[in-house]
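According to the working numbering, the sequence shown holds residues 124 to 999 in order.
Note that beta-carbon positions come from the ideal geometry of N, C-alpha and C, so glycine has one too.
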Amino acid sequence: MSRKRQRVKAIQKTFRQISKQFLFAIKKQIIWLVRNISGTQRRRSSVNAGFILPTVAMVILVVVLLTTAILFRSFERSKNASNVRVNEAALNAATPAIDRARAKLDKLFDDRRLPRATPSDKVLESTLKNNLNEYTFGDETQLKVHYAYTTAPVEGQPDDIPTAWMFPVDTNNNGKFDTYTLYGIYFKTPPISSGTYSRARNPLEARTPPMTSGSVSTGCQDTLGTSASLVGNTGWINIASKLKKSFFVYTANVPITNPPATGSDAGKYEAFQGNKGFSGLEYQQDRVQLPLVNNAVVYDDDIELTPGPAFNLNGRILTNSNFLTGSNSQIVTLYQVSSKNSCFYDDDNAKIVVGGNLSGGAFTADGDYNNTTGVHLFQGQGVDPNQSFGVKENKSITDTPKNIAYNSLAYVQRINLLVQAQMANAASTDPQEVKDGITQQLKVLNLTTSTASTAQQTTIRNNQLGLYFKKRTRRVPYAEVGFGGNATGTYATDVAHTPLQESGESLRPPDTWVYPFDPSDGKTKTNYANLTLNISSSNLLPSATETTTQQKLGKEQYVGDRVLLGNNLPALWWNGTTFIGSDSTDTQDITGINWDNGTGTRNRRSRVQQLADLGTVDRDGDWELAAATVPSTPQDSVGGLRVVTGAGIYLPSNLIVSSPSFTAASNRIWLDMMPVPSGTATAGTSVDVRGIIGGFDYSTIQVSTQPYLRMRATAMYHYQASGYNAATPAPIAYISSYYDPTNSTTAKNLTTLPYNNTTGGNSHNGIVYAAPTKGVSDYSALLNYQASLRYPDGRLVNEVLKTALPKAATSRTLSEQSAIHAAICAIQILDGTIGTPDNSIIPHGAIYETAFLDARQIKAIHKDVDATTGSIAIAR
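Below is the structure:
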């Protein structure tokens, strides 16, 4: 027991002894007084006898009782003070658990393993459960919360959740832990059946649906969160065109009664001393997801809206770059989302979110256009918008539009240099985000670090580093790096000139590549993006209201209230200790600049949002994987049509599909963009092109030994096909994709085909067939020959096929499966075993290979080939 506590005990004991003696003395005096008064009353006969007795007795009694009450109250004050201190300590210890839970929710919604669409309960739970260690702080112990049902649980009713943790705290600051803080995150909802919840919520689920805010006009009640607003079985509710979901955090403090007696932590704990207190807190956070379809315009690069005729645009705009708009002719007007009486008439549904800057001209303009773009500002539901504001008068940068526009090549050069510099370092120095991305990509490709080739691992790491640095590197305006200018300066991949700062979790580009303005004041342009903020006195354009003030007002007063600018801050930027993004608290102050309405220093935050096309577009990349995934709800931005055109089947004229051997044939193909042997371009025809290119003779094709394109096919996939499997999808149809580009007539189909046919046509293009009936084993020799073919420069014609053939069928990726499917289909069309055309699934000609280069165009291109290098660049 502490000395302070001993003194309190001694004082309490002394007071009890004094009170006993004092009360005993008072009691004796009262008895004496009563006896004397009683005796006097019997002897007196005066008319006033007995008058003093009740008054004196009552006064004495009241004094005694009051004195006694005060005395006993004083004895309890020390105990009350002790309880207050215990309650304060318990509450203060529980509050950090709320902060930890909020941090974990922020990390969860930033987790790259979540789909870009709205994540369902199942996805959120699996992401947390499968990566629980990543969501556990160093001093925490993982817990499992179990609920014992009094009756048998119904189907889909959980009996435990893993999203709970415990950590020790020191409430009396004596250096030893005396209390455990327990907390858990609850977010699941009951299953949905026929558009409603199938059962009541249990204690392991979110206690209530998300809250609604504001008032709703008559007739718009259905836009609030009701059972009709449930978004599939995801756990999200559509409230006023926004998807919302409630997350609950419960935390409690439990005093330690039996501290560890053995082990390394024995000396760090102690039993709780003094009055034991128990505190519990409940915290509700409603997360909001704005569906991508709520935007009228979504773009990753600069938007230039400078039409000639009058142009009206309703609704929300999102660009991760600049927004340049104006006109020298008719007026451009940016309206609100709908009518002022619409149920969806809401300021958030018409925001203009710009990652870069706002200006009033075109990409190449030396100045703003004469006519400003009008911006309508929200004034409240049922109220006409304010129409008296324009973009030109509120542009964010004073520079000319052509200097504000972004230099995409300079940006790519910086990203490439950052990736190359980190690729030279050990993979162990990569941030955890990159490591997780590599692991995820290998898993998607059915590979591990031991089965993936060195080239595959290098490619995957390169892609993940590219995505990492893109989020942390700002765009490059032409004011900083002009056309053909030096984007990387003195930086290089060697250690002495590396552009990298630090390593691991703090790995980042140089500050001048991250911040558009000096982060010390948020407005100095020198050595940064070299753009000048449009500052008037102590205010910045576009004028804006402080965020909290604007939300309280419920209306937009300035252009900056509707046009939300990031001033070119990247998606993630370093605040000195960690990377922060676009949360409302992730702000950068602009020194000396005030809000036009509201208190405090004006600030900015990143407005860049990760869009689907920010993922890798390579084969087996984000796009292809998303297309092959089966969506869990209609709102998921995954699942769709996948169309894969094969590299084609190349054979010399003297070999057919069933030839026993292909070893004597050349492995260098005749480019399929050149005229080929056919009914109109016979063998040995001399074509007037640039003789020998890259050491290869293009003047005459040797048809007997040189392979040329004989057939090409396209495979189509869709997730709604019967029996669809996302890992091993089967095509829903095959389409021929062969055309003869000799001239416009040969590019049309043969007369025997049902679509686009003509006399003299020599193509087999856009004709639909059902699934092939044969497999790899039926054409193994031919497929291996196709996998060995190369272009004249030595590049493989069908690299994916070459990678796929040696693998077991269960180990092939989506792209490898498609390469085999398309090749076998083309072979069966070529040998006639595919069967008759079948357009029952899609019509003939829906997928059609276009021959946009004829022989004369190819000839012109070849004449422009550099004579020193002999290289050709043909886009197709």
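Closest by C-alpha distance to residue i, when choosing among the options
i: F290; options: N296, K558, Y303 and N297; result: Y303
i: Q909; options: N921, G884 and S886; result: N921
i: T851; options: S859, H944 and S511; result: H944
i: N437; options: D222, G721, S364 and A473; result: A473
i: L540; options: N530, T596 and D293; result: T596
i: L912; options: F232, P895, P775 and R935; result: P775
i: G715; options: V767, G683, R410 and I658; result: I658
i: S938; options: M839, E972 and T881; result: M839
i: S859; options: V179, Q563 and P895; result: P895
i: P383; options: D745, A375, T374 and E393; result: E393
i: M834; options: S845, D795, N866 and A856; result: D795
i: N879; options: P854, E972 and N356; result: E972
i: L875; options: I379, D863 and T959; result: Correcting the residue type first, residue 875 is Thr in the shown sequence and not Leu. Residue T959 is the option with its Cα nearest to T875.
i: D522; options: S482, A547 and Q510; result: S482
i: T495; options: F606, T274, F434 and Q711; result: F434
i: A1004; options: A942, S573 and T611; result: What the structure shows of the chain is the stretch from 124 to 999, and residue 1004 is not part of that stretch, so it cannot be assessed.
i: N296; options: K391, L188 and Y468; result: K391
i: N848; options: L919, S661, Q940 and T241; result: Q940
i: S260; options: E405, A224, D409 and S321; result: According to the sequence as given, residue 260 is Phe; it is not Ser. Nearest C-alpha to F260: A224.
i: D409; options: L428, T385 and W359; result: W359
For residue i: DSSP bridge partner residues
i: T456; result: N435 and G497
i: S482; result: L447
i: N1066; result: Shown here, the chain extends from 124 to 999; a query on residue 1066 therefore has no answer.
i: F702; result: W697
i: I475; result: I440 and V686
i: P291; result: Y303
i: L404; result: T374
i: A284; result: Here residue 284 is Ile; the residue named in the question, Ala, does not match the sequence. For I284, which the question treats as bridged, DSSP gives the partners V268.
i: Q543; result: None, per the DSSP bridge assignment.
i: D409; result: S369
i: D316; result: In the sequence as presented, Asp is not what sits at residue 316; that position holds Ser. DSSP lists T319 as partners of S316.
i: N418; result: R439
Check whether residue i and residue j have beta carbons under 8 Å apart
i: P430; j: A488; result: no
i: T264; j: W288; result: yes
i: N691; j: V604; result: no
i: N518; j: L656; result: It should be pointed out that residue 518 corresponds to Lys in this sequence rather than to Asn. No; because the gap between Cβ atoms is not below 8 Å, this pair is not in contact.
i: F371; j: Q396; result: no
i: P508; j: Q459; result: yes
i: I228; j: V268; result: Note on residue identity: the sequence assigns Leu, not Ile, to residue 228. The answer is no: Cβ separation not under 8 Å.
i: V421; j: L734; result: yes
i: G883; j: T865; result: no
i: S369; j: P314; result: no
i: L905; j: I855; result: no
i: P600; j: L654; result: yes
i: T374; j: A217; result: yes
i: V411; j: K367; result: yes
i: D961; j: Y892; result: yes
i: T724; j: I713; result: yes
i: T121; j: S707; result: Nothing about residue 121 can be read from this structure; the chain reaches only from 124 to 999.
i: A226; j: Y306; result: no
i: G762; j: Y842; result: yes
i: G484; j: L447; result: yes
Query - Ranges of the alpha helix (DSSP H) found wholly within the stretch 576–600, counting only runs of at least 4 - result: The stretch 576–600 contains these whole alpha helix (DSSP H) runs: 577–593.
Query raised in the report: Between the stretch 744–755 and the stretch 462–470, are three or more C-beta pairs nearer than 8 Å?
Result: no
Query raised in the report: Counting pairs of Cβ atoms below 8 Å between the stretch 428–446 and the stretch 470–484, do you hit three or more?
Result: yes
Query raised in the report: Is the stretch 630–650 touching the stretch 692–703, taking contact as three or more C-beta pairs under 8 Å?
Result: The stretch 630–650 is in contact with the stretch 692–703.
Report task. Would you mind listing the beta strand (DSSP E) stretches within the stretch 927–952 that are 3+ residues and don't spill past its ends, in chain order? Result -> none
Requested in this report: Would you check if the stretch 530–547 and the stretch 620–634 touch, i.e. whether three or more CB-CB distances between them fall below 8 Å?
Outcome: These segments touch.
Query raised in the report: Looking at C-beta atoms only, is the number of pairs between the stretch 966–973 and the stretch 782–793 that lie closer than 8 Å three or more?
Result: Counting Cβ pairs under 8 Å, fewer than three are found: no touch.
Query raised in the report: Do the stretch 584–592 and the stretch 506–519 meet, that is, are 3 or more Cβ pairs less than 8 Å apart?
Result: Fewer than three pairs of CB atoms, one per stretch, sit closer than 8 Å, so the stretch 584–592 makes no contact with the stretch 506–519.
Query raised in the report: Do three or more CB pairs link the stretch 701–716 to the stretch 724–733 at distances below 8 Å?
Result: yes
**Report entry** contact_flag[the stretch 569–582, the stretch 605–617] where n(CB pairs < 8 Å) is 3 or more
**Finding:** no
Query raised in the report: So does the stretch 218–237 actually touch the stretch 553–570, counting three or more Cβ pairs closer than 8 Å?
Result: yes
Report task. Could you tell me whether the stretch 676–684 touches the stretch 493–511, where touching means 3 or more Cβ pairs closer than 8 Å? Result -> yes
Query raised in the report: Are three or more beta carbon pairs between the stretch 885–892 and the stretch 927–937 nearer than 8 Å?
Result: no
Query - Those runs of the alpha helix (DSSP H) which lie wholly inside the stretch 613–653 and span at least 4 residues - result: 634–637
Query raised in the report: What are the start and end residues of each continuous alpha helix (DSSP H) run of 4 or more residues lying completely inside the stretch 865–926, in chain order?
Result: Qualifying alpha helix (DSSP H) stretches, in chain order: 903–911.
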